[in-house]
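Asks: Read in the working numbering, the sequence shown has 34 at position 33, and its numbers run on one by one without any break.
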Amino acid sequence: MTMRTHLLVDVGGTHTRCGIANERRAPREPRVFDNRAFADPIALLQQYLAEVGGAVPHALTAAVAGPARENSIRLTNLDWTLDGTQIRSQLGVERVEFINDFAAL
């Protein structure tokens, strides 16, 4: 049986936190990134995946500082938009889900 991994992301106005989890383990490989060091969220996610050297995760869930609308979310205090279709196509992730960070609490 293939182990499915899940990329967990918390995107704030200044920092993004990433970790990988699967059905048997708590999140591992935590990293914190300064958002200003990246042109867009895709570049940040690509950097994280390169650092942890793992396979493309099955799914991505992101808690984001902004209102979640359908398949995209625009940050309220950073000029970034996360788009589920773009993330799936550029990262190869099968499933993408966005939630508002306050709702995640």
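For glycine and all other residues, C-beta sits at the position ideal for the given N, C-alpha and C. All of these numbers come straight from a predicted model, not from anything done at the bench.
#1: Should ASN23 and ALA69 be called a contact, given that it needs their Cβ atoms to be closer than 7 Å?
#2: Assign MET2 to one of three DSSP states: helix, strand, or coil.
#3: Hey, quick one: how far does the beta strand (DSSP E) through THR86 stretch, first residue to last?
#4: Taking the alpha-carbon positions, what's the MET2 to ARG37 distance?
#5: Can you list the beta strand (DSSP E) stretches of 3 or more residues lying completely in the stretch 35-92, in chain order?
#6: Keeping to the same chain, check which residues put their C-beta closer than 6 Å to that of PHE34; ignore five residues upstream and five downstream.
Replies: Looking at the atomic coordinates:
#1: no
#2: With a pLDDT of only 48 at MET2, under the threshold of 50, the placement of this residue in the model should not be trusted; the figure read from the coordinates follows. In the three-state DSSP reduction, MET2 falls in the coil class, being neither helix nor strand.
#3: Segment 85-92 is the alpha helix (DSSP H) holding THR86; no beta strand (DSSP E) there.
#4: Interpretation of MET2 is limited by its pLDDT of 48, a score under 50 that renders its predicted location unreliable; the figure taken from the coordinates is listed afterwards. Cα-Cα distance, rounded: 40 Å.
#5: 60-65, 73-75 and 82-84
#6: THR17 and LEU45
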